[in-house]
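So the protein sequences, as listed, match chains A and B. Residues 1 to 252 in the working numbering are what the first sequence lists, from first letter to last. Residues 1001 to 1103 in the working numbering are what the second sequence lists, from first letter to last. Beta carbons are placed, not taken as given, at the ideal position from N, Cα and C, and that holds for glycine. Since we're looking at a predicted model, the values are computed, not measured. Some notes on the structure that comes next.
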Amino acid sequence: MPRSLALARGYPADMDGVTTTQRRQITRALGGIAVYALAFGMTFGAVSVASGLTLAQSLVLSVVMFTGASQFAFVGVIGAGGLPVAAISAALLLGARNAFYGVPVSAALRPQGRSRLWTAHFVIDETTAMLGAQQDTPAKRLAFWATGIVLFVAWVAGTAAGAIAGEVIDPDALGLDAAAPAVFLALLWPHLRTLRASALAGASVLVAVALIPIAAPGVPVLAAALLAVAAGLLPGRDRTHPEVPSDVDGLP
Amino acid sequence: MSVGWLPLIVAAVGSYLLKLAGMLLPARVLDDRRVHAIAGAMPIAMLSALVVVELLDAGGRWGADWHVLAGMVAAVGALVLRQGVLVVFVAAVSVTAILRYVS
């Protein structure tokens, strides 16, 4: 029994078996993620207080809700004068995708017992994407936890800074309304390598755009989730997905 | 344009419970081939929809701000040049801000 294995036991991030190349790849991505999460968190803080929330409320959203799109949707509906129930619906409908992200994360990390309680908190777009970019379990584990922790710290710190600065600056004047779609596109981009993925993306765009004027906030995005279910059930030659390799256990 | 604590807590805790629900699915479900395929397709579909809703939803009707669309063109340019999330973010935000400033 290797000593490092015993030492690592009990920690959420068991980094045994991660190659230098994988570690370097993850570390390089993390630098960018930290700076962008700080900037994106500042964007959220500024937009949040501009929508009428207090600094404390903005921080609670970033610490507890901790899922960017839902947070932007929540403060967006409040800022537009929407009812609290509409804001809650928009946040939860957008947050529903995190439940589906739990599938590849669970499949790769296999968290047991109570560790599922805190692992769940970190299941978001960025951590799922970073985990999906790795091919074996130790690297997936490192990518998930490193991304989750770096992102959380930067996101909450950014929110505080942005909420304080937001009292005096106009987020739109800094172009920060372009931040969210640009970040979501960057997260989507690496997935668009196959015709199948591109077709799904195109169909999702069409359905979401068609639903914008007729459906409640959040519904156009949730409708795309149904397309993903349909796409997953369609028979196809390419049954393997980069997110969920068949050797999820990582055992020889 | 303000919100009480109760709706905020409901939305925040509800968002966490959604994440937890995905974690608590039994392993039997996770091992299913179709579940793997759906899980792989999910971020593609939802991120695609998120992008266009962010760009084209002007409060329950179609509408776009050309400054932001120009920022997105810059973002696509950065992605084509194989840049990371941070460069894409900076490209989109700075192009949008500069165009808005000069126009």
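| Is the CB-CB distance between Val105 of chain A and Ala1041 of chain B below 9 angstroms? | Judged by beta-carbon spacing, Ala1041 of chain B lies beyond the 9 angstroms limit of Val105 of chain A, meaning their Cβ atoms are not closer than that value.
| How close, in whole Å, do the beta carbons of Leu94 of chain A and Ser62 of chain A come, if the pair is a contact with beta carbons under 8 angstroms? | Actually they do not touch by this definition, with Cβ atoms about 15 angstroms apart.
| query | Hey, does Gly175 of chain A have any beta-carbon neighbour from chain B nearer than 9 angstroms? | reply | Closer than 9 angstroms: yes.
| Three-state secondary structure assigned by DSSP to Asp172 of chain A | Helix at Asp172 of chain A.
| task | Assign Asp1057 of chain B to one of three DSSP states: helix, strand, or coil. | result | strand
| said: I'd like to know whether the C-beta of Phe184 of chain A is nearer than 9 angstroms to at least one C-beta of chain B. | reply: So, interface residue.
| Contacts of Arg287 of chain A in chain B (Cβ-Cβ under 8 angstroms) | The structure shown does not extend to residue 287 of chain A, since chain A is modelled only from 1 through 252, so no value can be given for it.
| Looking at the C-beta of Trp1066 of chain B, does it have a partner C-beta in chain A at a distance below 9 angstroms? | Trp1066 of chain B has a beta carbon lying at 9 angstroms or more from every beta carbon in chain A.
| query | Can you check whether the CB of Pro1043 of chain B is closer than 9 angstroms to the CB of Tyr253 of chain A? | reply | With chain A covering only 1 through 252, there is no way to say anything about residue 253 of chain A.
| task | Could you tell me whether any Cβ in chain B is nearer than 9 angstroms to the Cβ of Trp189 of chain A? | result | Closer than 9 angstroms: yes.
| query | Thinking just about the alpha-carbon of each residue, which of A:Leu187, A:Gly175, A:Ala108 and A:Asp177 is nearest to the one in Glu126 of chain A? | reply | The shortest Cα separation from Glu126 of chain A among A:Leu187, A:Gly175, A:Ala108 and A:Asp177 belongs to A:Leu187.
| message | Please classify Asp1031 of chain B as buried or exposed, where buried requires at least 16 other C-beta atoms within 10 Å of its C-beta. | response | exposed
| Just how far apart, CA to CA, sit Ala1045 of chain B and Pro111 of chain A? | 26 angstroms
| field | Paired residues, beta bridge with Trp992 of chain B - DSSP | value | Not covered by the structure: residue 992 of chain B. The range shown for chain B is 1001 to 1103.
| task | Please say whether Ala1078 of chain B and Val1087 of chain B have beta carbons closer to each other than 9 angstroms? | result | yes
| query | Any idea what DSSP makes of Arg1100 of chain B, helix, strand or coil? | reply | helix
| task | Determine the closest residue to Val219 of chain A out of B:Ser1103, B:Thr1096, B:Ala1091 and B:Leu1050, with distance taken between C-alpha atoms. | result | B:Leu1050
| In or out: Glu1054 of chain B buried (at least 16 other Cβ within 10 Å) or exposed? | buried
| Near Phe122 of chain A, what residues of its chain come up, given a Cβ to Cβ distance below 6 angstroms and the 5 sequence neighbours on each side ignored? | Gly148
| field | Ala126 of chain A, DSSP secondary structure in three states | value | Here residue 126 of chain A turns out to be Glu, not Ala, going by the sequence shown. Three-state DSSP puts Glu126 of chain A in a helix.
| query | Quick one: Cα of Val1076 of chain B to Cα of Ala1091 of chain B, how far? | reply | If you take the alpha carbons of Val1076 of chain B and Ala1091 of chain B, they lie about 9 angstroms apart.
| request: Kindly indicate the opening and closing residues of the alpha helix (DSSP H) around Pro181 of chain A. | output: For Pro181 of chain A, the uninterrupted alpha helix (DSSP H) run begins and ends at Ala179 to Leu188, by DSSP.
| query | So is Asp125 of chain A in contact with chain B if we call contact Cβ pairs under 9 angstroms? | reply | yes
| query | Residues in its own chain within less than 8 angstroms of Ala201 of chain A by CB, not counting five upstream and five downstream? | reply | Correct list, in chain order: Leu188, His191 and Leu192.
| field | 9 angstroms Cβ cutoff, Tyr11 of chain A in contact with chain B | value | Note that Tyr11 of chain A scores a pLDDT of 43, beneath 50, so its modelled location is shaky; the value from the coordinates is reported in the next line. It does not: the Cβ of Tyr11 of chain A has no partner Cβ on chain B nearer than 9 angstroms.
| N- and C-terminal bounds of the alpha helix (DSSP H) containing His191 of chain A | From DSSP, His191 of chain A is part of no alpha helix (DSSP H); its letter is neither H nor E.
| Any beta-carbon of chain A closer than 9 angstroms to the one on Val1076 of chain B? | yes
| request: Just the chain B side, please: which residues come within less than 9 angstroms of Phe44 of chain A by C-beta, in chain order? | output: Per Cβ cutoff of 9 angstroms: no residues; Phe44 of chain A is ~13 angstroms from chain B at best.
| said: Taking the beta carbon of Leu7 of chain A as the centre, do at least 16 other beta carbons fall within 10 Å, making it buried, or is it exposed? | reply: Note that Leu7 of chain A scores a pLDDT of 43, beneath 50, so its modelled location is shaky and nothing firm can be said.
| said: Helix, strand or coil for Thr19 of chain A? Go by DSSP, reduced to three states. | reply: Here Thr19 of chain A sits in coil by DSSP.
| task | Report the option in A:Leu185, A:Ile212 and A:Asp170 whose CA atom is closest to the CA atom of Gly45 of chain A. | result | A:Asp170
| query | Any chance the stretch 79-95 of chain A sits against the stretch 134-152 of chain A, with 3 or more Cβ pairs inside 8 angstroms? | reply | no
| Given 8 angstroms, three or more beta-carbon pairs between the stretch 163-182 of chain A and the stretch 49-68 of chain A | Yes: the two stretches touch, three or more of their Cβ pairs being nearer than 8 angstroms.
| query | What separation, rounded to the nearest whole angstrom, lies between the Cα atoms of Ala197 of chain A and Val183 of chain A? | reply | Cα-Cα distance, rounded: 19 angstroms.
| query | Quick one: what's got a C-beta closer than 7 angstroms to Thr159 of chain A's C-beta in the same chain, skipping five residues either side? | reply | Gly41, Phe44, Gly45, Ser58, Leu59 and Ser62
| said: I'd like to check one pair, Gln134 of chain A with Leu142 of chain A: are the Cβ atoms closer than 9 angstroms? | reply: yes
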